[in-house]
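Q: By the count of the numbering used here, the sequence shown reaches residue 284 at its end, each step adding exactly one. Virtual Cβ for every residue (Gly too), placed ideally from N, Cα, C. Structure in structure tokens, see below.
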Amino acid sequence: MESTIISVLEQDLPDTANLETATFGMGCFWSPDAQFGSLPGVIRTRTGYAGGTSDNPTYRKMGDHTETIQVEFDPGQICFEEIVKEFWRSHYPNRDAYKGRQYISLLFWQSEEQKHIIEKLKAEKEQQLNEPVETEIRPFDGFTEAEERHQKYYLKRYPKALEQLAELYPELGLLTPSTFAARLNGFVKGFGSRQQLIEEINGWPINKEHRDALRQVLLKLKW
62 MESTIISVLE QDLPDTANLE TATFGMGCFW SPDAQFGSLP GVIRTRTGYA
112 GGTSDNPTYR KMGDHTETIQ VEFDPGQICF EEIVKEFWRS HYPNRDAYKG
162 RQYISLLFWQ SEEQKHIIEK LKAEKEQQLN EPVETEIRPF DGFTEAEERH
212 QKYYLKRYPK ALEQLAELYP ELGLLTPSTF AARLNGFVKG FGSRQQLIEE
262 INGWPINKEH RDALRQVLLK LKW
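Now the structure itself:
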């Protein structure tokens, strides 16, 4: 059984060479981490700090950075345009002076294609709101991963579940890059259902033994 569990961890993500990245801030990063981690096609999520000039930002010394999340996604399942639409659907995109830049609406582009998509959708959002969108839009210039306690935050609030997941994730740091953990973090926050996740796992490009192992873990989890 131990070798199966290790194999599941190694194979529950597709080939990283085909993934694309989106980085953005939309308030406190815990909820977006859960929300976007629940989306089929999103492979990894991580929380962090971006958009500022200070070196080595941390949660307690963020400087002029913003709480952000970074998602890696399979463009064959979900495209960048869908990610940006979800971003603007999910929060009021105008500035909030509370705590300076920590919680501003912030969206990075990493290619001219991404920039074009953002500009197109921004114009549509402004027409919908009938007011300018104040989201700060800029080229990507770096991302600092947040401390471990801020990764998969909602899942970590369930110690009983973490005990049961210990075979899959003997170290908490293994939760951050895991697709399965991203889905569980979304599930406990109220995004999606257990049945939806089971159906998604049935289509994951891993062998049947590994799919069976993940389904069994999911069905047996006690919160």
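1. Which residues bound the beta strand (DSSP E) around ARG105?
2. Take LYS213 as the anchor and find which of GLY234, ARG199 and PRO101 has the nearest alpha-carbon.
3. Tell me which residues share the same chain as GLU206 and place their Cβ nearer than 6 Å to its Cβ, disregarding the 5 neighbours each side in the sequence.
4. Per DSSP, which one or two residues make a beta bridge with MET123?
5. What do you get for LYS186, buried or exposed, if any count of 16 or more other CB atoms within 10 angstroms of its CB means buried?
6. Could you pull out every unbroken alpha helix (DSSP H) segment of at least 4 residues lying fully inside the region 124-205, listed in chain order?
7. In terms of residue numbering, what span does the alpha helix (DSSP H) encompassing PHE97 cover?
8. Classify LYS81 as helix, strand or coil using the three-state DSSP reduction.
9. Are THR114 and GLN171 closer than 8 Å when you measure CB to CB?
10. Please classify TRP271 as buried or exposed, where buried requires at least 16 neighbouring CB atoms within 10 angstroms.
11. Could you give the first and the last residue of the continuous alpha helix (DSSP H) run that contains PRO220?
12. How would you write the range of the alpha helix (DSSP H) that HIS211 sits in, first residue to last?
13. Give me the Cα-Cα distance between GLN256 and ALA274, rounded to the nearest whole angstrom.
14. What residue does the alpha helix (DSSP H) around LYS281 start on, and which one ends it?
15. Thinking GLU195 and ASN155 are a contact (beta carbons under 8 Å), I'd like their distance in whole angstroms, please.
A: So, from the data block:
1. 103-111
2. GLY234
3. The residues are ARG107 and GLY109.
4. Per DSSP, none; premise fails for MET123.
5. buried
6. 141-150 and 173-190
7. 91-98
8. Strictly speaking, residue 81 in this sequence is Glu, with Lys absent from that position. It is a strand residue.
9. no
10. With the sequence shown as reference, residue 271 is identified as His, and Trp is not the correct amino acid for it. Classification for HIS271: buried.
11. 220-225
12. Careful: HIS211 lies outside any alpha helix (DSSP H) and carries neither H nor E.
13. 16 Å
14. 269-281
15. By a beta-carbon distance limit of 8 Å, GLU195 contacts ASN155. Their separation comes to about 4 Å.
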